[in-house]
Amino acid sequence: MRTVYSCLLVLLIGITLACGYGSKNYNTAPATGAIPAISELSPDNTDAGGASFTMTVNGSNFVSNANVNWNGVGQKTTFVTSNQLMITIPASMISSPATVQITVTNPASTGGGPYGMGGVLAQTSKSVNFTIN
Numbered sequence: 033m034r035t036v037y038s039c040l041l042v043l044l045i046g047i048t049l050a051c052g053y054g055s056k057n058y059n060t061a062p063a064t065g066a067i068p069a070i071s072e073l074s075p076d077n078t079d080a081g082g083a084s085f086t087m088t089v090n091g092s093n094f095v096s097n098a099n100v101n102w103n104g105v106g107q108k109t110t111f112v113t114s115n116q117l118m119i120t121i122p123a124s125m126i127s128s129p130a131t132v133q134i135t136v137t138n139p140a141s142t143g144g145g146p147y148g149m150g151g152v153l154a155q156t157s158k159s160v161n162f163t164i165n
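Under my numbering, the first residue of the sequence shown carries the number 33, and numbering increases by one thereafter.
As structure tokens, this is what we get:
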């Protein structure tokens, strides 16, 4: 009977360790991702009622799936380099005078470790004003 209990105890310990119970990293929070920064918008203004155009966003720390936000709303973004992104602004978005807040967001990602460990949090740049005259 002792042999059966010993085998069950060894089996239970083996299952516990295999499930990661003894791991010290099971509560690791996602790391902070690279914070994007905008240095220039080109153009940085336009006239109300004008035609659609392409805006170039220059800066740093842009990841390949970064999004340019127009007043907080993500736009279809073309990644050029880690220092440059482009978006197309339709005429309907510049129909009347306004000041628009432009930001860039590097989205969150999950990690490949247990429970998604190793991921990064989303980071958004400080806003830069774009003026519609």
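All C-beta atoms, glycine included, are put in the ideal place defined by N, C-alpha and C.
Ignore the nearest five residues each way along the sequence and tell me which others in residue i's own chain have a CB closer than 8 Å to its CB.
i    : result
N165 : N77, T78, D79, A80, P129
F94  : P68, F111, T113, S114, N115, Q116, L117, V136, N138
Should residue i go down as buried or exposed, given a rule of 16 or more other Cβ atoms within 10 Å for buried?
i    : result
N161 : exposed
L117 : buried
L153 : exposed
F85  : exposed
L73  : buried
A98  : buried
I47  : exposed
What is the rounded straight-line gap between the Cα of residue i and the Cα of residue j?
i    : j    : result
Y37  : L44  : 10 Å
T142 : M87  : 30 Å
S114 : T131 : 26 Å
N103 : P68  : 17 Å
V42  : T35  : 11 Å
S92  : P75  : 18 Å
N138 : S96  : 9 Å
So, is the C-beta of residue i closer than 7 Å to a C-beta in chain C?
i   : result
T86 : The structure shown contains no chain C; it holds only a single protein chain.
Thinking residue i and residue j are a contact (beta carbons under 8 Å), I'd like their distance in whole angstroms, please.
i    : j    : result
T110 : T135 : In fact, because the Cβ distance is near 17 Å, the residues do not count as touching under 8 Å.
A123 : G82  : 7 Å
Output needed for residue i: all residues of its chain with C-beta closer than 6 Å, excluding positions within five of it in sequence on either side, in chain order.
i    : result
V100 : V89, Q107, T109, L117, I119, V136
S159 : Q133, T135
For residue i, which residues in the same chain have their Cβ closer than 7 Å to its Cβ, ignoring the five residues on either side in sequence?
i    : result
I126 : T78, A80, G82, I164
V112 : M118
N59  : At N59 the pLDDT is 48, less than 50, meaning the model places this residue with poor confidence; the figure from the coordinates comes in the next sentence. Nothing listed; no residue qualifies.
I121 : S84, F85, M87
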